[in-house]
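Colleague: Quick one: the structure is below, and I'll ask about it shortly.
Residue numbers (the working numbering): 4 to 295.
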């Protein structure tokens, strides 16, 4: 008996439609180019669309490059004619130790809809990082024809290299990223995740072992030994007040009176701050033991 093989052909229109969907998945979902050439996905695509053959890695790479080129051409024709533009930029290291920088654009449409998009990535292999970052900003400004546009500003973290590069105002005035600032406040100001670094709070006895009562105390000892609002009123001031003049409900919000009495307050030492941060860190650790 002769075996009959049936070849199912996919129309060119249908093939282009599926190819475009695969390209969109690859770009927007960040999928690897070779994913749709896996045997399991080839079998799946053959079930969904018999006769369809997915593009290989090289084809997807070339199509991504073409789409990126067309996207940049469109941006070059649009950006010089829109209103005020602001930017955000971030710098990090990849696994090989090379620095990579991103630049994103933010603006409003004619209907005041917020528009945000990444416009450039670059890998630095040269030394003198801050100088090259500044050249990168200048190049992107010229590439998109923004020399005469209204540049509202550039938001970055407080890294020394990117901070120095953006200080000249190439893309407008520099603004510190509030999210990075708040993260530093929480990380260094409360020591929620790590023990405080003694080098940040130098004092004469910082190399002596910290009292065990500050580290191994129980929950009730920890709450009882925390100093009582020394930032607001000194002990001498409390002794000088009559019982009738004490109004706890109002004193917490009497900021004007606090500022007036501040010259008489005893400043808190680095040792007090360091020990207090240790107590916060230990307290957070104990609280976390109760969280499943």
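The C-beta atom is built at its ideal place from N, Cα and C for all residues, glycine as well.
So what's residue 98 in DSSP terms, helix, strand or just coil?
Modeller: coil
Colleague: What distance in whole Å lies between the Cβ atoms of residue 161 and residue 190, which are believed to be in contact at a cut-off of 8 Å?
Modeller: Rounded, the Cβ-Cβ distance is 13 Å, inconsistent with contact.
Colleague: Once DSSP output is grouped into helix, strand and coil, what is the label at residue 290?
Modeller: helix
Colleague: Taking the alpha carbon of residue 106 as the point to measure from, which residue in 115, 112, 91 has its own alpha carbon closest?
Modeller: Comparing alpha-carbon positions, the option among 115, 112, 91 lying closest to residue 106 turns out to be 91.
Colleague: Leaving out five residues on either side along the sequence, give the residues of the same chain with a beta carbon under 6 Å from the beta carbon of residue 251.
Modeller: Only weak support is given to the placement of residue 251: the predicted model assigns it a pLDDT of 43, under 50, and the question is left unresolved by the model.
Colleague: Could you tell me whether the Cβ atoms of residue 86 and residue 115 are closer together than 8 Å?
Modeller: no
Colleague: With DSSP run on the structure shown, which of helix, strand or coil describes residue 49?
Modeller: helix
Colleague: So, are the CB atoms of residue 29 and residue 67 less than 8 Å apart?
Modeller: yes
Colleague: Out of curiosity, what's the CA-to-CA distance linking residue 55 and residue 178?
Modeller: 51 Å
Colleague: Exposed or buried, what is residue 187 when buried is set at 16 or more other beta-carbons lying within 10 Å of its beta-carbon?
Modeller: exposed
Colleague: Quick one: is residue 137 buried, meaning 16 or more other Cβ sit within 10 Å of its Cβ, or exposed?
Modeller: buried
Colleague: Taking buried to mean at least 16 other C-beta atoms within 10 Å of its own C-beta, is residue 282 buried or exposed?
Modeller: buried
Colleague: Just to confirm, is the Cβ distance from residue 157 to residue 174 under 8 Å?
Modeller: yes
Colleague: In the DSSP assignment, what are the bridge partners of residue 91?
Modeller: Partner(s): 107, 158.
Colleague: Name the residue from 37, 21, 65 whose alpha carbon lies nearest to the alpha carbon of residue 51.
Modeller: 21
Colleague: Taking only runs of the alpha helix (DSSP H) that begin and end inside the stretch 122-160, which ones reach a length of at least 4 residues, in chain order?
Modeller: 132-146
Colleague: What is the DSSP secondary structure of residue 72, reduced to helix, strand or coil?
Modeller: helix
Colleague: With three or more beta-carbon pairs closer than 8 Å as the criterion, would you say the stretch 71-78 touches the stretch 92-105?
Modeller: no
Colleague: Quick one: measure Cβ to Cβ for residue 26 and residue 65, integer angstroms, because I've assumed they're closer than 8 Å.
Modeller: Not quite, the Cβ-Cβ distance comes to about 11 Å (not below 8 Å), so this is no contact.
Colleague: Expressed to the nearest angstrom, what Euclidean distance is found between the alpha-carbon atoms of residue 176 and residue 108?
Modeller: 15 Å
Colleague: Please state the DSSP three-state secondary structure of residue 249.
Modeller: Confidence is the limiting factor: at residue 249 the pLDDT is only 40, short of 50, which leaves the residue's position unreliable and the question unanswerable from this model.
Colleague: Leaving out five residues before and five after residue 79 in sequence, what residues of the same chain have Cβ atoms less than 7 Å from its Cβ?
Modeller: 147, 148
Colleague: Which word fits residue 97, buried or exposed, when buried means at least 16 other C-beta atoms lie within 10 angstroms of its C-beta?
Modeller: exposed
Colleague: Leaving aside the five residues before and after residue 82 along the sequence, list all residues of the same chain whose C-beta is less than 6 Å from its C-beta, in chain order.
Modeller: Taken in chain order, the residues that qualify are 147.
Colleague: Taking DSSP as the reference, what is the three-state secondary structure of residue 36?
Modeller: coil
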